[in-house]
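Student: First the structure, which I've put down as structure tokens, then a few questions once you've had a look.
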Amino acid sequence: MKIAIVTDHFLPRVGGAEYASHCLAAALTDRGHEVTVIAPDLKVSEIVTRYKIIRSINSRFFSSTLSCAFAVKKLKGNRKPDIIHAQLLFPAGKKILPYAQYANIPLLVSPQGADIHTFAPMNYGLLLQNKYQYKVKRILRRLNAVTYSSRLMKQLVIDNGFHGKHLHYLPNGTFTSYFFHNKRQQFRDFFKFPNNSIIITTVSRHSPIKGLSLLIQALRRLPSDLPEWHAIIAGSNVDKLTDEIHEAGLLNRVRLMANLPFEYDGNNIPIIPSPTIANLLVASDIYAAPALSGGFELSSADAIAAALPTVIFDENGSKDIIEDTNAGIVVPTGDIDAFSRALATIIRDYPLRCAMRSNALVSASNLDWHMIAQQAEQIYNNILTTQG
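Residue numbers for the sequence shown, in the working numbering: 826 to 1213.
Given below as structure tokens:
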């Protein structure tokens, strides 16, 4: 199958949508498909991939739709793709939709986060901005195929105008082979974790929507009679939380791992999760996912692959798999007390923690990128069959 993946951001820039596009493209290529990624502002010389990459022109003086159309025309043998898969409703979906309709190429669009999710207290999400709300709803009304990564996202897609034939579940994922459970004690020793301490970990960049300040408050409210625990907050700019941790009286409990360097493979592709993060998760006992909104977080897939019980807010795009597999506890979004109680429950209850670890590990294989590529392939075939 000839597949074009269209994205508005791509490697070497590192982020959730960028890496999800790369992983899906690589896994589909492994399955024998001819995959091309079309992306703007790409420093092609910096990375080497098994699939083709075409740069589209990104300029205010040139139509983004025409740019994408010209990029598609550069495909091998000038043959149009069998299907186009756009990452994000806006801007990638909006850019490629007119060309896909003109060329009669089936188009599948995968919302990822702020293009469909909202959190009004922080004015998060395009749907809260009038000029973008109109565009997103107009795109959804015109699309025939969309994926969703949570039940909430599915409902949002429908509520905002989608009436097409194809609405399919497709989460983000991880590479389960990156997690070495047999080296757990070795990793705990490496990170100097106390032998009898329960380690709560979160991996996230510091941004208000990621809820790290709420996590600190939840940790502060943990009962004093719990078994010994410590917390790790790892990610970009988390060092800015130092004052909050000090004010919460948690300097002896919470360790920050800020701005960890990216690790790359031999082709200069960033490894996500990096060996450092994968090993950190395997060495931990509980994962905290305090994001207040958003799509299916790659870090949540990593936590499941590391067999970690997860405490998560119910508007987090990753919450369904935690809830459906009994791999953690879901609490109301923004409820700090409920988040704290859930952490305390898992810290206290060793049998529960073990059961949740087992459930997470069993479900992890479904989040491996190779399995997700197989799901995507089935979705493509379904679309092509019904439209053909």
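Every residue, glycine too, gets a C-beta built ideally from N, C-alpha and C. Computed from a predicted structure; not experimentally measured.
If I1137 sits next to I1129, beta carbons under 8 Å apart, how far is it from one beta carbon to the other, in whole angstroms?
Tutor: The Cβ separation is near 11 Å, so there is no contact.
Student: For F1005, does the three-state DSSP call read helix, strand or coil?
Tutor: Of the three classes helix, strand and coil, the one that applies to F1005 here is coil, per DSSP.
Student: Just confirm the distance between the C-beta atoms of R856 and A1198, as a whole number of angstroms; I'd bet it's less than 8 Å.
Tutor: With 8 Å as the limit, R856 and A1198 qualify as a contact, their Cβ atoms being about 6 Å apart.
Student: Would you mind stating whether I983 and T1026 have Cβ atoms separated by less than 8 Å?
Tutor: Their beta carbons are not under 8 Å apart, which means I983 does not touch T1026 by this criterion.
Student: With distances taken Cα to Cα, identify the nearest neighbour of K962 among S1002, K919, Q937.
Tutor: Closest option to K962, Cα to Cα, is K919.
Student: Would you report the Cα separation of M826 and D1193, rounded to the nearest angstrom?
Tutor: Distance between the alpha carbons of M826 and D1193: 21 Å.
Student: Reducing DSSP to helix, strand and coil, say where K905 ends up.
Tutor: The answer is coil: DSSP assigns K905 none of H, G, I, E or B.
Student: Taking its Cβ as the centre, do 16 or more other Cβ atoms sit within 10 Å of D833, making it buried, or is it exposed?
Tutor: By the neighbour-count rule (16 or more Cβ atoms within 10 Å), D833 is buried.
Student: By DSSP, does K979 sit in helix, in strand, or in coil?
Tutor: In this structure, K979 counts as helix in the three-state DSSP scheme.
Student: Report the option in Y949, T854, Y1112, K960 whose CA atom is closest to the CA atom of S1032.
Tutor: Selected option, being the one with the closest Cα: Y949.
Student: Measure how close the beta-carbons of I1172 and I1023 come, nearest whole angstrom, since I'm counting them as under 8 Å.
Tutor: Indeed they touch by this definition, with Cβ atoms about 5 Å apart.
Student: If you drop the 5 nearest sequence neighbours on each side, which residues of the same chain put their C-beta closer than 6 Å to that of V971?
Tutor: Hits under 6 Å: V934, V982, F987, L992.
Student: Could you name the residues of the same chain whose beta carbon sits closer than 8 Å to that of N1092, not counting the 5 residues immediately before and after it, in chain order?
Tutor: Only I872, V873, T874 meet the Cβ criterion.
Student: Using the Cβ count rule (16 or more neighbours within 10 Å means buried), how would you classify P906?
Tutor: Classification for P906: buried.
Student: Would you call the CB atoms of V1028 and G1060 closer than 8 Å?
Tutor: Contact flag set, yes.
Student: Counting pairs of beta carbons, one from the region 1113-1123 and one from the region 1178-1189, are three or more of them closer than 8 Å?
Tutor: The answer is no - the region 1178-1189 does not touch the region 1113-1123, with fewer than three Cβ pairs under 8 Å.
Student: Can we say the region 1090-1110 touches the region 1003-1022, given the rule of at least three CB pairs closer than 8 Å?
Tutor: The region 1090-1110 is in contact with the region 1003-1022.
Student: Reducing DSSP to helix, strand and coil, say where F887 ends up.
Tutor: Residue placement at F887 is poorly supported in this model, since its pLDDT is 49, which falls under 50; the coordinates still yield a value, given next. Three-state DSSP puts F887 in coil, outside helix and strand.
Student: On the CB-based measure, 16 or more other CB atoms within 10 Å of its CB, does V1187 come out buried or exposed?
Tutor: Per the 10 Å Cβ criterion, exposed.
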